[in-house]
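What follows is a short report on a single structure.
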Amino acid sequence: MAPLTRRSSALAAKIATLQLQLAPLVPLPSGPPHPAFPKTLLAFHLLTEDELDRIAHHYHQSTPGPWTMHYPAVMNWDKDFLARPTKRGSREDNGKEERRLSQVEIEFVEGLMEAAPEPRVLSSTPSAASSSNPYAGLSDKDRIRIKRRKVGKFIGLVGMDTPVEEIAGRIQASLERAVEASREELRRNEEIMLRRRKFA
1 MAPLTRRSSA
11 LAAKIATLQL
21 QLAPLVPLPS
31 GPPHPAFPKT
41 LLAFHLLTED
51 ELDRIAHHYH
61 QSTPGPWTMH
71 YPAVMNWDKD
81 FLARPTKRGS
91 REDNGKEERR
101 LSQVEIEFVE
111 GLMEAAPEPR
121 VLSSTPSAAS
131 SSNPYAGLSD
141 KDRIRIKRRK
151 VGKFIGLVGM
161 DTPVEEIAGR
171 IQASLERAVE
181 ASREELRRNE
191 EIMLRRRKFA
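Residue numbers for the sequence shown follow the working numbering, beginning at 1 and rising by one.
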């Protein structure tokens, strides 16, 4: 050991922990482990977002298939939740026009929001709020941390439990998607009613 680590037992313990070897996981039905599969705990903590995505895909977790549920653990990889935010351009780019809500829609949304408690949201960045990602409250750091935790839990590392804040963020995002779907359905119904009135 170097002289610095001899004086600090906490540092020596941390280095020893990071040097722990990890057993590679073989994909189903057969084949070699993913080339980026970490060989040590330190290598696990150094995985990039692209490597985490490729590992999840290699082990049938980000692209569910017949082998997804046959692993000892499942990542529950939600592609919408873990997607990188896309840059939103002009109206032509996203194909949707923005419009004001009708009074009926406003009352419906207010009633829905009053019925649901206000959960805590994961930290967000200003640019994330403008993305088309339904879970736009995730910063890059949060998204990578969640991916790393999911992969760690999948390969059997301890201490990789899902935090309450993430669950609350996903619930809120699901609620927001439901509200948006309700708005869209209400808008379509209003258009149908207007067309019927015109022809009546």
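Backbone N, C-alpha and C fix where the C-beta goes; we use that ideal spot for every residue, glycine too.
At the level of alpha carbons, what is the spacing between Ala73 and Gln61? 10 Å
According to DSSP, residues forming a beta bridge with Gln21: Thr40
In angstroms with no decimal places, state the Cα-to-Cα distance between Ala83 and Ser9. 40 Å
Roughly how many angstroms lie between the CA atoms of Leu20 and Lys39, to the nearest whole one? 8 Å
To the nearest angstrom, how far is it from the Cα of Leu138 to the Cα of Leu42? 25 Å
Any idea if Asp53 is buried or exposed, counting beta-carbon neighbours within 10 angstroms, 16 or more meaning buried? buried
Indicate whether Pro24 and Pro35 have their beta-carbon atoms separated by less than 7 Å. no
Indicate the three-state DSSP secondary structure (helix, strand or coil) for Leu28 in the structure shown. coil
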